[in-house]
Amino acid sequence: MDQKRLELPQGTLDLLILKTLAIQPLHGWAVSERLQQVSTAALQIGQGSLYPALHRLERRGWIKATWGASDNNRRAKFYELTRTGRKQLEIDTEEWRRLTVVVGQVLDMA
Amino acid sequence: MLTDIWYRLQAIFRRDRLDTDLDEELRWHLEHEMEKYLRSGIPEDEAKRRARLALGGIPQVSEQCRNSRGISALTELWQDIRYGFRVLRKSPALTSVAIISLALGIGANTTAFSVVNSLILRPLPFPSSERLVFIQPAKGTTHSFPNYRDLRDRNNVFSGVAGYRVTVMGLDTGGSSQRIWGYLATGNYFEVLSATPLLGRFFGPAEDRVRGGSPYAVLSYGCWKTRFGGDPGIVGRTIHLNGLAYSVLGVAAKGFQGTELFYWPEVWVPMSMQAQIESFSWLDEPATFNTMLFGRLKDGITGREAEARMKPIAADLAKERPRWNDGLQFKLARLGLVGDTIRGPVAAFTTGVLLLAGLVLLAACANLASLLAARTADRHKELAVRMSLGAGRGRIARQLMTESLILACAGGIAACGLSVFLLRLLSQWRAPLDFPVRFNVEPDWRVFLFTCIVSISSGLLFGLVPAQRAWRTNPNPALKGMPAGSSRKWALRDLLLPVQVTLCCLLVMSSLVALRGLQRALEIPLGFEPAGVAVAGFDLGLARYKKPQGQAFQRAILDEVARMPGVTAAAFANSVPLSIDQSSMSVFPEEVTDSRPSARIDTTVYEVSPGYFRTMGTGLLSGRDFSWQDDEKSPRIAVINEILARKLFGRTDVAGRRFRGPGGLTEIVGVVQSGKYVSLTEEPRAALFRTATQTYDGTTVVIARTSAPESQTAGGLRRVVATRDPTLAVQGVGSMSQMLGFAYFPARAATVALSVFGMLAIMLAATGIYGTAAYAISRRRREIGIRMAIGAQPRQILRVVLGRTFALLLAGSIAGFFLGLAADPLLASVVYQASPNDPWVMVAVPLAMAAVALLAASGPARRALKIDPIYALRQE
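Chains as they are written, first to last, in the working numbering: chain A, -8 to 101; chain B, 2 to 877.
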């Protein structure tokens, strides 16, 4: 794939993480893999920026972390969405869709 | 929201745990990423490298995760504080100088503010005290009792009006009588104050009904503790005041001292016992103005409204009793400082002191700012390294500001300790009289809050300068090893030295002016010679001597004292000038028979024995002194002072003329020189002396002029009295100069305060000048070396290097001098006879400043000249 990877606008990383975790609880690495798969590696998400975002979301109470046993029985930190997180996801998704519609309208002006 | 706070708390208190978890989480990620590459066949080393590239370095990612914990501000602050402590510890000299000068500067402000707070700002300790007001007449502070009764009954603005009088009583203590001070108070006194007693109860209007038949007393907390040992069964006990039995109804709460802030009475007695406590009754006398009044305003009525509504009452009273109430007015003032009479001077003095303390603090801040700025320049290498490692300018500036704030807080804490100590001393100071004056200036929460605000503001103020310098630091030249220097000719920092010098000038001027003022106050002719005079006082009325026995006692004591070794003259009087006990009455010219107020002359009155003027050293201008032959059978006579003679007749040779005095038509037998009678700063005042052989007063002060040491003679006086009557209480024993101490107190207090500030200012200016000069020289060491190497003379070098410093000094001195002249009116209000236009001061101040500057700069200057050129060139 020779196309240049798209840079994420500010704040959208949080939205993507929330959506990914809405499907099922995952640990950090799995979130990174899933995002890569789904976006077919078109998004430029530094793996390093994932973790600060996860911690930030944890601080704000939208996701919560539990230490559980992973495959090969080692300790791993799993993240899952909280109730407030779910609500926030809805709000943010709605906002995003509206934003894209409006921007699209402006761009479609003749 | 709560989750947020909980998370942040965990981040603070379980930091290690979180860090280990984070580390584990990231390593886990790395492992899995590595596995991913391994599975697709990449060798282990390459897989590790790619994994690491994908994630980024663990330390960097950890750092970012830690930042997202939301406590980075706190962590950075904590780091700054710890670093600041380390830096400050490394230069103990600068740190101690800084803390000491801050402690002195902030401490001065705290102490001054506490005094202002206790005397002016703090509300009186009574419920709704803002409704309490002091009712003041047009002139003076007291009213007649009939006027009080009429005001109380006719007004509709107060829920209660009460009256009180400061008075001295004799408490019987097992055989002898002790002088104690207290209040005569109307029945509703405690009611109007809404005070609550500690033990028992207060007397109320019901206990103030019967004249002479209301023998009740309320004791103060101090009296109860010291005189009665805190006896829990005190309520109901009987005490004897002036020979009569009084029943103790209760004890006032600790710290309750009635309606005057400076006066700490021991007992309250109902006003209807007035005739029993004092020797003459004035409760029905419209001509005697002895009562101070206060009231509690009704809800919703303002002071101005009340004053307006009292105007018609005053007008009515003036119509009903025109002889005494002509021109009567009722004004309102805050309660606690004898209405407006001492409130004004006290407020002016304390605010003046506070302003000066503020100036000293500003000078200290300017001093510190320049010292710290100089040090910042020395640290430029350290700051440059930090900047190149990634610290932002903001972070560095914050670091320096934190250091300044640490110094400020340390200074503030030291200041608190210092001022608490000073204030305690002040509160425990007792006036050198038996009149109970005390200043309760202990600090409360307002004072500590003030200290906090002042400390932090000072820290921000002087911290701005080094922080701003750091902001401007360019890391490159520093890292290359070049000395720091700004390219601009004049920086804002250069203002600091002139500012310090200006403030110092101002403060030194104030001190000198005050000292001169005091010197002049001490030289004012008092109208008598206090040196070499011993006095002792006793009260025969309190000890229940009747007039014939009293007179005989006085005469006998006088004869014995005159025979004492060393005594060259002796006399007695009912009071001496400038003591606390002064009486005044009205006199009229002979031809005025209707006592109208326009012809009235207010006069200070004394009852003196023959020989008084010789003993006191008061010059006789015409006529003669009293003699023992002038007794009650002779016509009424008096000696008057020059002022009164001029007021009555316009001349001083008026022996033989007459005037209408307190007892009727009186003949003048002599005229004496005028002097000071009530206070050192009074306007020239009329005085009248009556002879004790015609007017008896049991209150006696024995005066002896002696060639022996005064204290010795004073002891002798006490012994003479004790031999004749061992139960008679003698007080006010000592030299006349000691007794005058109280009169000089305000001037002395002002001078001490100003001198202290002056010295502080000089110290601060000297340190500032020294620091600036030293810094200027050290910066240009290389340049000095080169100049010396090519043959410059010492004078030239000094001119180049210190020229700027001295130019700034000069500018500051001139500014300070003119500011001082402008501040003359303020100073004059605080210190009697102060005037900076005094030629002595105008010469002394510039000289003093020049001396300080030369002395302070001489050290660095000498060092500059000793610089070895080769050594200097090799440096840097």
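Here a beta-carbon is modelled for each residue, glycine too, at the ideal position from N, C-alpha and C. A quick note: this is a predicted structure, and the numbers were derived from the prediction, not measured.
Do you know offhand how far residue i's Cα is from residue j's?
| i | j | result |
| --- | --- | --- |
| ALA715(B) | TYR264(B) | 27 angstroms |
| GLY183(B) | ALA365(B) | 46 angstroms |
| THR694(B) | PRO124(B) | 50 angstroms |
| THR75(A) | LEU(-3)(A) | 29 angstroms |
| ASP5(B) | ARG51(A) | 5 angstroms |
| ALA851(B) | ARG783(B) | 29 angstroms |
| LEU39(B) | ARG50(B) | 11 angstroms |
| GLY413(B) | MET2(B) | 36 angstroms |
| VAL670(B) | ARG305(B) | 50 angstroms |
| ILE417(B) | ALA646(B) | Sequence inspection shows Cys at residue 417(B); the Ile mentioned does not correspond to that position. Cα to Cα, the separation comes out at about 56 angstroms. |
| ASP20(B) | PRO444(B) | 47 angstroms |
| ILE785(B) | ILE868(B) | 8 angstroms |
| ASP(-7)(A) | LEU6(A) | Confidence in ASP(-7)(A) is poor, its pLDDT being 48 and thus under 50, which makes the residue's placement too unreliable to answer from. |
| THR768(B) | ASN368(B) | 7 angstroms |
| ARG25(A) | GLN80(B) | 39 angstroms |
| VAL640(B) | LEU649(B) | 13 angstroms |
Evaluate residue i with the Cβ neighbour count: other Cβ atoms within 10 Å of its Cβ, from every protein chain shown; 16 or more gives buried, anything less gives exposed.
| i | result |
| --- | --- |
| SER221(B) | buried |
| SER389(B) | exposed |
| PRO43(A) | buried |
| GLY261(B) | With the sequence shown as reference, residue 261(B) is identified as Glu, and Gly is not the correct amino acid for it. GLU261(B) should be labelled buried. |
| LYS312(B) | exposed |
| SER599(B) | exposed |
| ALA858(B) | buried |
| GLY676(B) | buried |
| THR619(B) | buried |
| LEU809(B) | buried |
| TRP629(B) | exposed |
| ASN475(B) | exposed |
| PRO840(B) | exposed |
| PHE819(B) | exposed |
| ALA94(B) | exposed |
List the residues of chain A that residue i touches, going by C-beta distances under 7 angstroms, in chain order.
| i | result |
| --- | --- |
| CYS66(B) | TYR42, PRO43, HIS46 |
| VAL62(B) | GLY39, TYR42 |
| ARG70(B) | HIS46, ARG50 |
| GLU47(B) | Simply none; closest approach about 18 angstroms. |
What does residue i touch in chain A if you count any residue whose Cβ is under 8 angstroms from its own?
| i | result |
| --- | --- |
| ASP17(B) | Per Cβ cutoff of 8 angstroms: no residues; ASP17(B) is ~16 angstroms from chain A at best. |
| LEU56(B) | GLN38, GLY39 |
Which same chain residues end up closer than 6 angstroms to residue i when comparing Cβ atoms and leaving out the 5 residues on each side of it in sequence?
| i | result |
| --- | --- |
| ILE815(B) | none |
| PHE69(A) | PRO16, HIS18, THR57, GLY59 |
| PRO578(B) | TYR678 |
| VAL655(B) | ALA646, ILE669 |
Using a Cβ-Cβ cut-off of 8 angstroms (strictly less than) and excluding sequence neighbours within five positions of residue i, which residues of its own chain qualify?
| i | result |
| --- | --- |
| TYR8(B) | ARG70, GLY71 |
| PRO266(B) | VAL167, TRP182, GLY183, TYR184, SER221, GLN258, GLY259, PRO437 |
| GLN797(B) | ARG788 |
| ARG719(B) | ALA537, VAL731, VAL734 |
Please list, in chain order, the chain A residues whose beta carbon lies closer than 9 angstroms to that of residue i.
| i | result |
| --- | --- |
| ASP5(B) | ARG50, ARG51, GLY52 |
So which residues of chain B does residue i contact, with C-beta pairs closer than 7 angstroms?
| i | result |
| --- | --- |
| ALA67(A) | TRP29 |
| GLN19(A) | The question names Gln, but residue 19(A) is Gly in the sequence shown. Simply GLU26, HIS30. |
Looking at the ligand ZN, does it come within less than 7 angstroms of residue i, judged from the CB to the closest heavy atom?
| i | result |
| --- | --- |
| PRO124(B) | Although the ligand ZN was asked about, the structure shown includes no ligands whatsoever. |
Under DSSP, the alpha helix (DSSP H) around residue i begins and ends at which residues?
| i | result |
| --- | --- |
| GLY395(B) | 394 to 429 |
| GLY175(B) | Looking at the DSSP string, GLY175(B) is not in any alpha helix (DSSP H), and its letter there is neither H nor E. |
| GLN275(B) | 275 to 278 |
| SER97(B) | 93 to 117 |
| ASP540(B) | First-last for ASP540(B): 534 to 540, but that is the beta strand (DSSP E), not the alpha helix (DSSP H). |
For residue i, report the span of its beta strand (DSSP E) as first-last.
| i | result |
| --- | --- |
| ALA103(A) | Any answer about residue 103(A) is impossible in this case: the structure gives chain A only from -8 up to 101. |
| TYR264(B) | Run containing TYR264(B): none; DSSP gives neither H nor E here. |
| LYS332(B) | 332 to 335 |
Below 7 angstroms CB to CB, which residues in the same chain sit around residue i once its five sequence neighbours on both sides are set aside?
| i | result |
| --- | --- |
| PHE127(B) | LEU133, LEU194, SER195, ALA196 |
| LEU508(B) | LEU357, LEU360, VAL361, PHE758, GLY759, ALA762 |
| ALA468(B) | ALA398, LEU401, MET402 |
| THR569(B) | ARG706, THR707, SER708 |
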